[in-house]
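Asker: So the sequence shown is numbered by the UniProt record's numbering: it starts at 1 and just counts up by one.
Glycine is no exception: its CB is placed at the ideal position from the N, C-alpha and C atoms.
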Amino acid sequence: MNEKSATSDVVLIGAGVMSATLGVLLKELEPDWKITIFEKLDKAGKESSNERNNSGTGHAALCEMNYTTEQPDGTIDMDAAIRINERFQLSRQLWAYLVDHNLIGKSHNFITGLPHLSFVKGEKSIAFLKKRFETMSKHPLFKDMEFSDDPSKLKEWFPLMMKNRSTNEPVAGTKIDDGTDINYGALTRAMCDHLENKNVNIQYNYNVEDINRTKDGQWELKVRDRNGAIGTHTSKFVFIGAGGGSLPLLQKTQIPEGKHIGGFPISGQYLECDNPEVIEQHFAKVYGKNPEGAPLIVVPHLDTRFIDGKQTLIFGPFAGFSPKFLKTGSNMDLFASMKLHNLITMIASGTKNMSLLQYLIEQLRLSKKERMEELREFFPNAKDEDWELKVGGQRVQVIKDTSEGKGTIQFSNTEVVRSQDGSLAALLGGSPGASTSVSDMVSLIEECFPQQLNDWKPKLKEMIPSYGEKLSDNPELIAKVQSWTKQSLDLN
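(1) Tell me ALA172's beta-bridge partners as DSSP assigns them.
(2) Can you give me the C-alpha to C-alpha distance between LYS352 and MET78, rounded to a whole angstrom?
(3) LYS285 and ASP303: beta carbons closer than 8 Å?
(4) Return the CA-CA distance between LYS368 and GLU385, expressed in angstroms with no decimal places.
(5) Compute the Euclidean distance between the alpha carbons of PHE468 and PHE306, then round it to the nearest angstrom.
(6) Is it the case that the CB of GLY429 approaches a heavy atom of the ligand GDP more closely than 7 Å?
(7) Could you check whether the stretch 196-203 touches the stretch 20-38, counting it as contact only if at least three pairs of C-beta atoms, one from each stretch, sit closer than 8 Å?
(8) Are the CB atoms of SER322 and GLN218 within a distance shorter than 8 Å?
(9) Does GLN218 come out as helix, strand or coil in the three-state DSSP assignment?
(10) Pull up the CB-CB distance for LYS27 and LYS198, whole angstroms please, since I reckon it's below 8 Å.
(11) State the CB to CB distance for the pair LEU90 and VAL442, rounded to an integer number of angstroms; the pair is presumed to be in contact (CB under 8 Å).
(12) Quick one: Cα of GLY268 to Cα of SER419, how far?
(13) Let me confirm a value: HIS233 is counted as buried when at least 16 other C-beta atoms fall within 10 Å, else exposed. Which label applies?
(14) Note the first and the last residue of the continuous alpha helix (DSSP H) segment covering ARG371.
(15) Rounded to whole angstroms, what is the Cα-Cα separation between ARG52 and PHE128?
(16) What span of residues does the alpha helix (DSSP H) with TYR97 cover, start to end?
(17) Throw me the rounded Cβ distance for the ILE409 and SER349 pair, which I believe falls under 8 Å.
(18) Can you tell which of TYR67, ALA96, ARG92, ILE347 has its C-alpha closest to the C-alpha of ILE82?
(19) Taking the continuous beta strand (DSSP E) assigned at LEU428, which residues delimit it?
(20) For the beta strand (DSSP E) that contains THR408, what are its first and last residues?
(21) Does GLU3 pass the burial test, meaning 16 or more other C-beta atoms within 10 Å, or should it be called exposed?
(22) With a cut-off of 8 Å, do at least 3 Cβ pairs link the stretch 12-25 to the stretch 179-199?
(23) For THR485, does the three-state DSSP call read helix, strand or coil?
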């Protein structure tokens with residue numbers, strides 16, 4: 001930003017997958033709008049969207065058992081699974097549109113099709129998994145799901161995990177081939193490159209330090225560049241898509257909707273395999289059950305990943321703790337986010353989540369040997385020397401007052417907080433995150449741009465053919481969009 005003061009129609013804060021997705025959508029809907037993105041780091045997609053900071057799972061509830069719950073009467077509630085899957089289908093459609101129109105390069109640079117499997121041990125867990133399969137496989141979104149408790153079949157599905165496994169404890173699994181591994185960092189960078197080609201002004205190494213209302217109802221941002229020079233930028237609309245950094249910026253706006261909200265940071269660690277002979281024996285994402293006492297987002301999984309064109313294998317996550325809201329943030333982030341208006345909410349959260357704090361402490365105390373023991377629950381032959389502990393991304397889970405009480409942590413939610421007039425919005429939360437970025441940003445557009453929406457609907461329908469329809473009610477549409485996205489994204 002050469003001038004000390006500038007204006008835009010839209011300002012996006014943070015060059016992660018959320019801002020990139022919103023930028024792409026708005027640029028297709030309104031090509032003449034002036035859009036500016038401020039990113040405090042030197043490249044796009046370096047924080048939560050980075051391929052090293054997330055699991056890369058295309059979350060569609062195909063293998064994640066935490067999206068289905070067993071009711072007191074024994075039935076399986078799969079509403080969350082349907083909702084997550086339908087939202088992910090929107091993402092696949094937009095990405096397919098962008099690939100078909102040569103806007104973000106080849107699909108193999110950011111997405112790979114591979115099976116998603118669930119894995120359980122013990123009679124009780126097997127009974128749950130079978131009941132889950134019987135319920136889900138009747139739904140058109142999950143009709144291709146398979147179940148097996150036959151060891152010979154399971155050896156075909158995940159040979160690495162079944163080799164030399166004890167026969168004393170029964171095991172079972174489900175499998176569905178319509179899964180994906182996604183390099184969200186590469187996807188984000190591709191979308192940002194496209195935006196720059198469309199004259200979107202992306203300002204790297206620029207930190208937004210304050211956001212205030214102007215007298216005419218616009219938003220004025222105070223920004224600092226890499227050299228310390230301060231300038232201002234005025235915009236009609238501001239989106240705060242800064243990952244863990246969104247909550248502090250939302251608080252600076254002082255909008256009433258941003259009050260009584262807190263954040264709890266959780267970091268992640270994982271084991272990565274560096275033995276090619278081991279890596280090539282596993283081609284799937286395999287999710288287990290949520291451990292007793294662990295938050296819903298901590299589900300062990302053994303994942304094939306594709307990073308920088310190279311196949312690798314990871315296991316995790318192991319929870320960690322840091323008071324930072326971003327991996328590149330400050331140790332004062334958590335304490336600085338505590339304000340008079342959210343203090344009671346934060347205190348209530350602390351008192352009602354003592355088991356979570358205990359779990360985090362236990363995780364922090366884990367040795368390499370203990371982590372390897374957890375891995376061997378999945379992969380009995382795992383050797384210590386083949387695996388290295390890596391630090392993943394930083395997530396900030398939303399804490400707010402709900403019908404369940406004060407200080408409730410929202411573990412499986414991302415949510416948009418917006419001003420009453422819709423001129424400012426912020427996305428908070430960590431899961432399912434990037435997988436449902438398109439759904440989140442389309443909902444934001446509907447809420448924040450109601451006057452333009454009718455004019456935009458035909459273009460939205462072109463980009464996302466199932467827009468405005470509920471996939472669950474239309475098996476033919478499911479088959480149509482899945483066939484198209486599989487072909488365009490080369491997922492067969």
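Answerer: By the coordinates alone:
(1) VAL120
(2) 27 Å
(3) Less than 8 Å separates the beta-carbon of LYS285 from that of ASP303.
(4) Cα atoms of LYS368 and GLU385: separation of roughly 11 Å, rounded to the nearest angstrom.
(5) Reading off the sequence shown, one finds Gly at residue 468, where the question assumed Phe. Approximately 33 Å between the Cα atoms of the pair.
(6) Inclusion of the ligand GDP in the displayed structure is not the case, the ligand content being empty and no account of it being possible.
(7) Three or more Cβ pairs drawn from the stretch 196-203 and the stretch 20-38 lie within less than 8 Å of each other, which places the two stretches in contact.
(8) If you check the CB distance, GLN218 and SER322 do not come in under 8 Å.
(9) coil
(10) 5 Å
(11) 7 Å
(12) Cα to Cα, the separation comes out at about 32 Å.
(13) Looking at its Cβ environment, which holds 16 or more other Cβ atoms inside 10 Å, HIS233 is buried.
(14) 368-378
(15) 33 Å
(16) Counting along the chain, the alpha helix (DSSP H) containing TYR97 begins and ends at 79-100.
(17) 6 Å
(18) Of all alpha-carbon atoms in TYR67, ALA96, ARG92, ILE347, the one lying nearest the alpha-carbon of ILE82 is that of TYR67.
(19) 424-428
(20) Taken as a continuous stretch (DSSP letters only), the beta strand (DSSP E) holding THR408 covers 405-410.
(21) Low confidence applies here, because GLU3 scores a pLDDT of 48, under 50, leaving its location unreliable and the question unanswered by this model.
(22) yes
(23) It is helical.
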